[in-house]
Ligand SMILES: Cc1cc2nc3c(=O)[nH]c(=O)nc-3n(C[C@H](O)[C@H](O)[C@H](O)COP(=O)(O)O)c2cc1C
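In the numbering used here, the protein residues as written are 273 to 448.
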C-alpha cells in the first residue's frame with residue numbers, strides 16, 4: 273500500500289473484529305514500527321507488551337468490555353515511563369503518541385484495524401487493572417491500548433476539516 277494511501281485509510285475502528293488471526297510475526301513488525309518512532313532526546317521511554325494469548329486478551333476484555341476488546345485477536349499495550357529526559361521535563365505522552373501512530377499505520381498497511389484507547393484507560397482504574405494483568409512494574413504506566421483485528425463490519429470514516437481551515441503558508445490565516 274502506498275504511504276499516503278495508508279495514512280488516509282487508517283481509522284479508529286470500534287465494532288467487532290472477525291475471526292482473522294494476527295501472527296506473532298506481524299505483531300513483531302508492528303511493534304518494531306513503534307520502536308522506530310522518534311522520542312525526546314532519543315530516550316525511548318515507551319515500552320510495549322504485545323498480547324496474543326487468548327486468556328490474557330479475555331482478562332483485558334473483562335476490564336474493558338467494549339466490542340473491539342471482546343473480539344480482539346491481539347493487542348499492543350504502550351507502556352509509559354514518566355521520567356524526565358530533558359532537565360526536569362517529561363515527554364512520555366508525546367513519545368507514546370509517536371510510537372502509537374507508527375504502529376497504527378503499520379497495522380493499516382498489514383490490513384488490520386485498531387482503535388487508540390487512551391481516554392477510556394483513565395477512568396475506573398482501568399490502566400492500573402490492565403497493568404496488573406500484564407505484570408507491569410510499579411513506576412510504569414499503561415498509556416495506550418490497541419486492540420487488533422480485521423473489521424467484521426464496515427466502519428464509518430471520521431471526517432477532517434479542509435486544508436484551509438487547518439493550515440496556511442507563511443503566516444496564520446483563518447485556521448479553525
Ligand atoms: C490522545 C487520544 C486519545 C484517544 N482516546 C480514545 C479512547 O479512549 N477511546 C476511543 O474510542 N478513541 C480514542 N481516541 C481516538 C479518537 O477518538 C479518534 O482518533 C478521532 O475520533 C479521529 O478518528 P479517526 O482516528 O478514526 O480518524 C483517542 C485518540 C487520541 C489521539
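Each residue gets a CB set at the ideal place from its N, CA and C atoms; glycine is no exception. Remember, predicted model here, so these are calculated numbers, not experimental data.
- request: Please indicate yes or no: does the CB of residue 389 lie closer than 8 Å to some heavy atom of ligand 1?
  value: yes
- request: Pick out whichever of 283, 286, 311 and 425 has its Cα sitting closest to the Cα of residue 358.
  value: Of all alpha-carbon atoms in 283, 286, 311 and 425, the one lying nearest the alpha-carbon of residue 358 is that of 311.
Review point. Is the region 398–410 close to the region 427–442, with three or more CB pairs under 8 Å?
Key: no
- Query: Just to confirm, does residue 401 get its C-beta within under 8 Å of one of the non-hydrogen atoms of ligand 1?
  - Reply: no
Subject >> Backbone CA spacing between residue 228 and residue 345 [nearest angstrom] >> reply: Outside the displayed span of the chain (273 to 448) sits residue 228, for which this structure offers no information.
Starting from residue 437, follow the alpha helix (DSSP H) in both directions and report where the run begins and ends.
435–438
Considering only heavy atoms of ligand 1, does any lie closer than 8 Å to the CB of residue 287? For residue 287, the CB stays at least 8 Å from every heavy atom of ligand 1.
With 16 other Cβ atoms within 10 Å as the buried cut-off, status of residue 306 = buried
**Asked** Going by C-alpha distance, which of 378, 385 and 389 is nearest residue 300?
**Response** 378
| What number of angstroms, rounded off, separates the C-alpha of residue 372 from the C-alpha of residue 399? | 16 Å
I'd like the span of the alpha helix (DSSP H) that includes residue 367, first residue to last. 364–381
| query | Who does residue 353 pair with in a DSSP beta bridge? | reply | Per DSSP, 412.
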